[in-house]
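As numbered in our numbering, residues 19 to 254 make up the sequence shown, in order.
Ideal placement from N, C-alpha and C gives every residue a C-beta, glycine not left out.
Note that the structure is a prediction, hence the values are computed from the model and not measured.
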Amino acid sequence: MDQYWTLIGFGPTGWGDDIAWGVLVTVSLALATLPIGLVFGFLLSLAKQSDDRYLTLSADIYTTIFRGLPELLTLFVVYFGANGLLRSFTQATGLPDLALSSFVSGMIALGFVFSAFASEVFLSAFRAIPPGQREGAAALGLRPSRIMLLVIVPQLIRIALPGLANLWMNLLKDTALVSVIGLADIMRQAGIAARVTREPFLFFGVAIVLYLVLTMASSVAIGGIDRWAKRGDMAK
């Protein structure tokens, strides 16, 4: 037992520092991807409700592609495909070499996937808001931008939150995929430690505990956001 504590401890003889760095990378990647996915998902949901047929079609094609492709394949396309295009571009123009890092590639790929699913969550939330809300606000003389900000968005957040919470949990787990392109996240650090020490059960067990801790912490945070979003209903 003392040997195990030494292996997962901090310092020159333990892997605790590396695992802790993996936790930081995992959380950073998920948090960096979240706003990208939310913003693009929201814009896609607006595009799907647009009167412009081509805009609606484009949004539908986007979501069909990135909801249908495996996340790992999307990651490979972004990492290898985009870097291949950048390499060809720099060779043709004589510019300094350009390349997407593993972190940026993971953020873009997971952002594509998250936004595609988030657009459907937002779209369902939009449809759950009675049309009379918008019509009543317009009758009061509010501009469309003010109607969206003051009337629609507060209700949208409350309705969409459960679905977005599930997407966040999936995003947190999907960050493990980026380990295959060299990002030093929890899974990669645990895998390296397992190979070097020949203690796979120990280090993958540590990875299990860490992901569960992150999930539980997320649940607490989401619960707080949910209570904040419903504070008006609770006051009644």
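Report all residues from its chain with a CB closer than 7 Å to the CB of residue i; omit the five preceding and five following residues, and keep chain order.
i	result
residue 156	165
residue 44	193, 203 and 204
residue 176	247 and 248
residue 34	26, 27 and 28
residue 86	none
Go ahead and pull the three-state DSSP assignment for residue i.
i	result
residue 116	coil
residue 23	helix
residue 253	With a pLDDT of only 49 at residue 253, under 50, the local geometry of the prediction cannot be trusted, and the value read off the model is given with reservation. In this structure, residue 253 counts as helix in the three-state DSSP scheme.
residue 165	helix
residue 148	coil
residue 143	helix
residue 176	helix
residue 135	helix
residue 10	It is not possible to answer for residue 10, since the shown part of the chain is limited to 19 through 254.
residue 55	helix
residue 154	helix
residue 47	helix
residue 159	coil
residue 34	helix
Can you check which of these residues, the options, is closest to residue i by C-alpha distance?
i	options	result
residue 205	32, 41 and 86	41
residue 242	39, 100 and 183	183
residue 209	201, 221 and 199	221
residue 187	64, 135, 151 and 87	135
residue 141	65, 162 and 207	65
residue 122	232, 51 and 244	51
residue 197	124, 56, 133 and 82	124
residue 22	215, 229 and 227	215
residue 233	189, 73 and 56	189
residue 172	158, 153, 147 and 181	147
Near residue i, which residues of its chain fall below 6 Å by C-beta distance, leaving aside the five closest residues on each side in sequence?
i	result
residue 95	none
residue 115	108
residue 118	100 and 101
residue 236	none
residue 199	97 and 120
residue 77	62, 65 and 66
residue 137	59, 62, 63 and 81
Please go through the same chain and pick out, in chain order, the residues whose beta-carbon is closer than 8 Å to the beta-carbon of residue i, but skip the five residues on each side of it.
i	result
residue 32	24, 25 and 26
residue 253	Note that residue 253 has pLDDT 49, beneath the 50 cutoff, so the model's placement of it is unreliable and the number below is only indicative. Cβ within range, chain order: n/a, list empty.
residue 218	212
residue 89	127, 128, 131, 192 and 195
residue 207	33, 36, 37, 39 and 40
residue 240	179, 183 and 186
residue 161	none
Unbroken stretches of the alpha helix (DSSP H), 4 residues or longer, contained in the stretch 58 to 133: Fully contained in the stretch 58 to 133 are the following alpha helix (DSSP H) runs of length 4 or more, in chain order: 71 to 86, 89 to 94 and 101 to 111.
Could you give the uninterrupted runs of the beta strand (DSSP E) lying entirely in the stretch 180 to 249, keeping only those of 3 residues or more? If we require 3 residues or more, the stretch 180 to 249 turns out to have no beta strand (DSSP E) run fully inside it.
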